[in-house]
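The end of the sequence shown is residue 298 by my numbering, with every number in the run present.
Notes for the one structure printed next.
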Amino acid sequence: MKNTTTYSQIMREYGVRLKKRLGQHFMTDPGLLASVAGAMVPGHDWVAVEIGAGLGTLTRELCARARWVYALEIDRELEPAVLDITADFANLTWIWGDALKHDLSGYTLRQAYPTTPLVLCGNLPYYVTSEIVYSALVARPAWNRLAFVVQDELGRRMVESPGSREFGRLSLWCQYRSKVKVERKIPRGAFLPPPKVDSCLVTMEVYREFPLAAHEEEVLDVISRRAFSQRRKTLLNSLLPLFHSKAQLRELADKCGIDLSKRPEDMSMSEYVTLARAATPHIAQNLR
Numbered sequence: 011m012k013n014t015t016t017y018s019q020i021m022r023e024y025g026v027r028l029k030k031r032l033g034q035h036f037m038t039d040p041g042l043l044a045s046v047a048g049a050m051v052p053g054h055d056w057v058a059v060e061i062g063a064g065l066g067t068l069t070r071e072l073c074a075r076a077r078w079v080y081a082l083e084i085d086r087e088l089e090p091a092v093l094d095i096t097a098d099f100a101n102l103t104w105i106w107g108d109a110l111k112h113d114l115s116g117y118t119l120r121q122a123y124p125t126t127p128l129v130l131c132g133n134l135p136y137y138v139t140s141e142i143v144y145s146a147l148v149a150r151p152a153w154n155r156l157a158f159v160v161q162d163e164l165g166r167r168m169v170e171s172p173g174s175r176e177f178g179r180l181s182l183w184c185q186y187r188s189k190v191k192v193e194r195k196i197p198r199g200a201f202l203p204p205p206k207v208d209s210c211l212v213t214m215e216v217y218r219e220f221p222l223a224a225h226e227e228e229v230l231d232v233i234s235r236r237a238f239s240q241r242r243k244t245l246l247n248s249l250l251p252l253f254h255s256k257a258q259l260r261e262l263a264d265k266c267g268i269d270l271s272k273r274p275e276d277m278s279m280s281e282y283v284t285l286a287r288a289a290t291p292h293i294a295q296n297l298r
């Protein structure tokens with residue numbers, strides 16, 4: 011891509027039509043793209059997987075900073091344009107298809123790069139953001155880092171503390187797996203076309219160790235799904251179907267020092283961890 015060529019010119023040249031159903035909103039400002047990519051990729055030794063690469067505007071900046079970039083994009087009609095936009099970079103592999111059909115835990119990539127720092131990143135389509143984040147986090151991730159541009163409201167939920175109405179299953183898993191931070195707000199006018207809401211850049215430094223064993227984390231997933239899908243209910247009522255009886259659940263909670271009259275957003279991270287560990291012998295057999 012020539013320096014004098016604008017993204018709008020390339021879109022016109024290749025007849026690119028943005029698809030609302032795919033949530034296509036691309037960043038095109040060079041300064042913003044450089045800033046976002048710099049926050050996503052900490053050093054040149056990193057390998058990056060970019061979800062929702064779109065026109066390749068962010069992809070270019072990632073390639074300038076990373077050892078290698080794997081760019082995932084579902085809209086193959088963009089291929090002629092993106093190959094033009096990213097033609098300057100040899101450290102790039104395009105993968106066409108639905109990101110949710112790929113291994114987002116990073117384990118497949120980790121086999122190819124056993125000691126290389128890995129980052130999963132991208133300007134995520136709003137309609138699949140939560141599903142992508144869960145897919146990357148709930149199974150033990152092989153990533154060292156995750157960094158996403160997301161809807162501002164969703165980004166705030168990712169860092170929300172227990173006790174807030176906005177604390178939910180997404181908050182729980184982001185904070186269980188990582189040190190999560192909102193790096194900056196990105197105004198809606200920074201995108202082409204502009205979305206209806208502002209966005210933000212969220213980074214997650216994945217912890218090397220976790221409080222629970224892998225099989226206990228499966229129980230944490232079940233408990234968090236159940237509790238936050240019925241947030242108006244107390245824990246006693248929402249979790250009861252997971253146990254043989256109300257007496258069994260009460261006995262378990264008493265041993266853990268957990269108040270079952272609480273609602274899910276009022277439980278601390280340590281309380282969820284304690285409950286999942288204690289409940290594993292009672293629930294894990296139902297997961298097999």
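We put the CB at the ideal spot given by N, CA and C, even for glycine.
Fair warning: this is a prediction, and the values are worked out from it, not measured in the lab.
Nearest-angstrom Cα separation, counted from residue j out to residue i
| i | j | result |
| --- | --- | --- |
| Trp-183 | Pro-197 | 26 angstroms |
| Ile-61 | Pro-151 | 16 angstroms |
| Ile-99 | Val-169 | The question names Ile, but residue 99 is Phe in the sequence shown. One C-alpha to the other measures close to 35 angstroms. |
| Leu-128 | Leu-110 | 18 angstroms |
| Pro-135 | Ala-97 | 24 angstroms |
| Ile-84 | Trp-106 | 6 angstroms |
| Pro-221 | Glu-215 | 16 angstroms |
| Ser-132 | Val-79 | What sits at residue 132 in the sequence shown is Gly, not Ser. C-alpha separation (whole angstroms): 11 angstroms. |
| Gly-165 | Glu-193 | 10 angstroms |
| Pro-172 | Arg-273 | 11 angstroms |
| Val-51 | Leu-102 | 15 angstroms |
| Asp-299 | Gly-41 | No answer is possible for residue 299: it lies beyond the span of the chain, which begins at 11 and ends at 298. |
| Glu-141 | Arg-27 | 26 angstroms |
| Arg-120 | Asp-39 | 32 angstroms |
| Lys-12 | Arg-77 | With a pLDDT of only 45 at Lys-12, under 50, the local geometry of the prediction cannot be trusted, and no value is derived from it. |
| Ala-149 | Ala-223 | 12 angstroms |
| Asp-276 | Leu-114 | 30 angstroms |
| Val-160 | Ala-263 | 36 angstroms |
| Ser-181 | Ala-146 | 14 angstroms |
8 angstroms contact criterion, which residue i and residue j should meet: CB distance rounded
| i | j | result |
| --- | --- | --- |
| Gln-258 | His-292 | 7 angstroms |
| Met-279 | Tyr-186 | 6 angstroms |
Beta-carbon proximity list for residue i, same chain, < 7 angstroms, skipping 5 on both sides
| i | result |
| --- | --- |
| Thr-16 | none |
| Val-229 | Ala-286, Ala-289, Thr-290, Ile-293 and Ala-294 |
Cβ neighbours of residue i in the same chain (closer than 6 angstroms, five flanking residues each side left out)
| i | result |
| --- | --- |
| Ser-248 | Arg-236, Ala-237 and Gln-240 |
| Ser-271 | Thr-244 |
| His-35 | Phe-201 and Pro-205 |
Buried or exposed (CB count within 10 angstroms, at least 16 for buried), residue i
| i | result |
| --- | --- |
| Ser-188 | buried |
| Thr-125 | exposed |
| Arg-175 | exposed |
| Ser-179 | Residue identity differs from the one stated: residue 179 is Arg in this sequence, not Ser. So Arg-179 counts as buried. |
| Arg-155 | buried |
| His-254 | exposed |
| Gly-116 | buried |
| Gln-19 | exposed |
| Glu-87 | exposed |
| Arg-167 | buried |
| Glu-227 | buried |
Own chain residues within Cβ distance below 8 angstroms of residue i, not counting five before or after
| i | result |
| --- | --- |
| Leu-43 | Met-37, Thr-67, Leu-68, Arg-70 and Glu-71 |
| Ala-63 | Thr-69, Ala-81, Leu-82, Glu-83, Val-92, Trp-104 and Gly-132 |
| Cys-266 | Glu-281, Thr-284, Leu-285 and Ala-288 |
| Ala-49 | Ala-157, Glu-193, Arg-194, Leu-211 and Thr-213 |
| Lys-206 | Arg-198 |
| Val-57 | Ala-76, Arg-77, Trp-78, Val-79, Tyr-80, Leu-119, Tyr-123, Thr-126, Pro-127, Leu-128 and Val-129 |
| Thr-139 | Phe-158, Val-160, Gln-161 and Leu-164 |
| Gly-108 | Looking at the sequence provided, one finds Asp at residue 108 rather than Gly. Cβ within range, chain order: Ile-84. |
Per-residue DSSP class, three states only, for residue i
| i | result |
| --- | --- |
| Val-190 | strand |
| Lys-12 | Because the pLDDT of Lys-12 is 45, which lies under 50, any placement of that residue in the model is unreliable, and the number read from its coordinates should be weighed accordingly. If DSSP states are grouped into helix, strand and coil, Lys-12 belongs with coil. |
| Ala-122 | helix |
| Ala-58 | strand |
| Phe-158 | strand |
| Glu-226 | helix |
| Asn-247 | helix |
| Ala-81 | strand |
| Leu-128 | strand |
| Lys-195 | strand |
| Trp-183 | helix |
| Leu-270 | coil |
| Glu-23 | helix |
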